[in-house]
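Read the structure below first, then the notes.
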Amino acid sequence: MSTTVEAMDKAMSVMTSAELASAQHSRETVGDFTAAEPRMVCRNVDVWYGNKQAIKNVSLDIGKNEVVSMIGPSGCGKSTFLRSLNRMNDTIVDCRVTGSIQLDGEEIYDKKLDPVPLRARVGMVFQKPNPFPKSIYENVAYGPRIHGLTNNKAELDELVEASLQKAGLWKEVKERLDQPGTGLSGGQQQRLCIARTIAVSPEVILMDEPCSALDPIATAIVEELIDELRQNYSIAIVTHSMQQAARVSQRTAYFHLGDLIEVGETNHIFTNPQHKLTEDYITGRFG
Amino acid sequence: MNNTPSPPPASDAPRRTIDIVNASLKRRYARERRFRRLGAFAVALGLSFVVLLFTDIVSKGYTAFAQTYIQLPLNLSAEVIDPSGSREPATLAAANYTKLIRDALRQQFPDLTERQALRRLYALVSVGAGDLVREQVLAEPALIGTTPELWVLADDDIDMLVKGNIDRTAAPEDRRVSDETIGWVTQLEQQGRVAKRFNTIFLTHGTSREPELAGIAGALMGSFYTLLLTLLLSFPIGVGAALYLEEFAPKNRWTDLIEVNINNLAAVPSIVFGLLGLAVFIGFFGIPRSTPLVAALVMTIMTLPTIIIASRVALKSVPPSIREAALGVGASALQTQFHHVLPLALPGMLTGAIIGMARALGESAPLLMIGMIAFIVDIPSGFTDSATVLPVQIFLWADSPERAFVERTSAAIIVLLAFLFLMNLAAVLLRRKFERRW
């Protein structure tokens, strides 16, 4: 088996990416995609945009109190996969998801399941900081308010403070909660978005390249924050930075053209990749 | 980059790129200068036309805001006005004030006794002058029993004469005012009894066959009721339609068809909407014609495409990241729209709505079809009173032969333009106010 894979990879290194795509239809995932204590269980997930298949037969678990990072070259489908975990893809016309994605044993693509509460349970932080054009306080208070998580103003104040504390932003903004969230710096805005996400106490947090618009100092702060958040939440993070994946995650999944090529312990993936494509990518030969 | 001229390259050496660039530079700058000059010329031309328009209208119309009055000592004797002494409004209103004015006029010219000449003398004052004096007395009953010097409204021909619109030196057969009348007016002027005073009638009265009694209040109120109802109907419907089409409707052949049709409707000549209103609202539903209600319904259909298109553009310009952020914390689609997308799109929607309203305010063609062209003297006080609107009033006055209606036409245009200007200003201010929070 391994010899045939190697032979295919050798042949592929001289192919164009389009040929690669057609030649590599049903590739087996290398490594163990299951987690010890899974929160989200994805099995044989296919995602289609119209006639184009963006995700091919991907199976992956996201475990309790762990950070799973998803890496891979641009257009490999890692963001698509991430967005299918809280049905954010529903907003895209022509997008179809097949296979099984379960959150705590519950099928999230079940017709009877309402995506609105699902998104409260599976929060999301986006690539570009996108605070609401409202005050800092309102940004954090919005989620709890629409879900009715608090009974009175005092509780809401408390929750807002706690969320900002957890996001490491409280000290910087406590004097100006009534000022617009859009007036903060990029890194502060992203932490505000994280505070907004954790204010509704999700079970899983999805992060789509949360640091790609931030400078190294802000990135370091957010990475530290991710590590702290791991104590309470399961986190799936898409990143372009392999260093970031190595720093923050316990497990790493490598995507390539819609396939999940390899998944495993982060340090194993980066020190001893099993698959040729993974090795090429992390050693910087392409991507 | 080095811009200093380099020595000419040897004929066999290849030309350096910078030399080629420098050679074409002059031509490129010249082209840019030409284009800029053309642009400045276009702006200047446009502005000069605007200035021309405004100067013409204002120079013709500003005189209508002053009106000629003749000061006469009116003998408001209690025996004539209020024989019973009860001071009841009904009694006071019933008195013949026109006779009092005529008596006062006769006193000024005691030599005149011939009936024909007296009739010509009485024509110095407006036929409505008595009614105006009655209003004054009713408002101020203390005048009864005194002989106050009251300002009595002059006839429109006298008004034109005093304003210099009738040439006193022209041949008598070429002017509407006879030598005899000019003599009387001159005599009154010498006594300081003729003056131009601010024309409150123009702003407080409905229209009239007599120019000096004609005002725009009726048309203004008609326009107000029509626009108010149009806004109340078209803004919610337009925004709702835009929201549904842009954010909720499935993208398929039907919605494409609807979109094409909305764009087509925006380009339909407005008179067609008038025909539709006549056939559907008046003919089928039996809504009374000439009313702000039916006018507003027609205007609503007419402005809806504008508002829908503007609202959809405003919704499209809201960044999708805001929608994702709201959905990401678990807001429902409706909450996402109403809490986040709509507030951001509102300035654009308001601008679209006000521009649609401004178009509705200036529209006359469709209203002609639904009876708004009727001659209505009363000032409307509701949505189902007969009414006319400003542009139609302008059209009616422009059609009238009296010289005094010319300046009233222009004055009404000034008022219409002032309202359009205010509405556009409101659009700009609203946009700026809401955008600051963005």
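Sequence order for the protein chains is U and F.
If you're matching positions, the first sequence starts at 1 in the working numbering and goes up one per residue.
If you're matching positions, the second sequence starts at 1001 in the working numbering and goes up one per residue.
Every residue gets a Cβ at the ideal spot worked out from N, C-alpha and C, and that includes glycine.
All values derive from a computational prediction rather than experimental measurement.
Here the C-alpha atom of F1054 of chain F lies approximately 44 Å from the C-alpha atom of K134 of chain U. Per DSSP, the continuous alpha helix (DSSP H) segment holding D1056 of chain F begins and ends at T1017 to G1061.
Residue contact check for Y142 of chain U against chain F: a CB pair falls below 8 Å. The segment 1388-1403 of chain F makes no contact with the segment 1305-1325 of chain F, as fewer than three CB pairs between them are under 8 Å.
DSSP places P115 of chain U in the uninterrupted alpha helix (DSSP H) bounded by P115 to R121. Within the DSSP bridge table, the entry for A1154 of chain F names F:V1125 as partners. Going by DSSP, E172 of chain U is part of the alpha helix (DSSP H) stretching over W170 to V173.
At a beta-carbon threshold of 8 Å, the residues of chain U lying near L1327 of chain F are M88, T91 and R119, ordered along the chain. Assignment of beta-bridge partners to M40 of chain U by DSSP yields U:I62 and U:L103.
Counting other Cβ atoms within 10 Å of its Cβ, N51 of chain U stays below 16 and is therefore classed as exposed. Not flagged as an interface residue toward chain U: E1259 of chain F, since no C-beta distance is shorter than 8 Å. Per DSSP, Y1244 of chain F is not a residue of any beta strand (DSSP E), being assigned neither H nor E. For E1324 of chain F, a Cβ of chain U is located within less than 8 Å of the residue's own Cβ. Setting aside the 5 residues that flank it on each side, E1435 of chain F is surrounded in the same chain by P1347, each with a C-beta closer than 7 Å to its C-beta; the list follows chain order.
Only exposed fits R1016 of chain F, as fewer than 16 other CB atoms lie within 10 angstroms of its CB. Chain-ordered, the chain F residues with CB closer than 7 Å to the CB of M124 of chain U read G1328. When 8 Å is used as the limit between beta carbons, L1344 of chain F is near these residues of chain U: P133, in chain order. Within the segment 1182-1236 of chain F, complete alpha helix (DSSP H) segments of at least 4 residues are found at 1200-1204, given in chain order. The segment 54-72 of chain U makes no contact with the segment 1301-1308 of chain F; the number of CB pairs closer than 8 Å stays below 3.
The Cβ atoms of P1148 of chain F and P1292 of chain F lie no closer than 8 Å to each other. Note that the C-beta distance between G1218 of chain F and I1354 of chain F is not below 8 Å. Take S84 of chain U, set aside five residues on each side of it, and the residues of its chain with a beta-carbon closer than 6 Å to its own are V47 and V97, in chain order. The beta-carbon separation of P202 of chain U and G284 of chain U, rounded to 35 Å, does not stay under the 8 Å limit for a contact.
Under the DSSP assignment, Q1071 of chain F falls in the beta strand (DSSP E) whose first and last residues are A1066 to P1073. Nearest Cα to M207 of chain U within the set U:D227, U:I217 and U:S100: U:D227.
Interface flag for K166 of chain U against chain F is unset, since no Cβ pair is found closer than 8 Å.
M1372 of chain F and T1351 of chain F do not touch by the CB rule: their CB atoms are close to 27 Å apart, not below 8 Å. Between the segment 91-107 of chain U and the segment 259-271 of chain U, the count of Cβ pairs shorter than 8 Å is below three; the stretches do not touch. Sequence-distant partners of L60 of chain U (beyond 5 residues in either direction) whose C-beta falls short of 7 Å from its own C-beta, in its chain, are F33, C42, A253, L260 and V263.
Taking a contact as a CB-CB distance under 8 Å, the pair V1294 of chain F and F1281 of chain F counts as one, their CB atoms being some 5 Å apart. Under the three-state reduction of DSSP, L257 of chain U is assigned to coil, being neither helix nor strand. Judged by beta-carbon spacing, V58 of chain U lies beyond the 8 Å limit of V68 of chain U, meaning their Cβ atoms are not closer than that value.
In this model, W1184 of chain F and P1110 of chain F are separated by some 12 Å (Cα to Cα). By a beta-carbon distance limit of 8 Å, I71 of chain U contacts T239 of chain U. Their separation comes to about 6 Å. Secondary structure at L184 of chain U: coil, using DSSP grouped into helix, strand and coil. Rounded to the nearest angstrom, the Cβ distance from I194 of chain U to I235 of chain U is 10 Å, too far for a contact under 8 Å.
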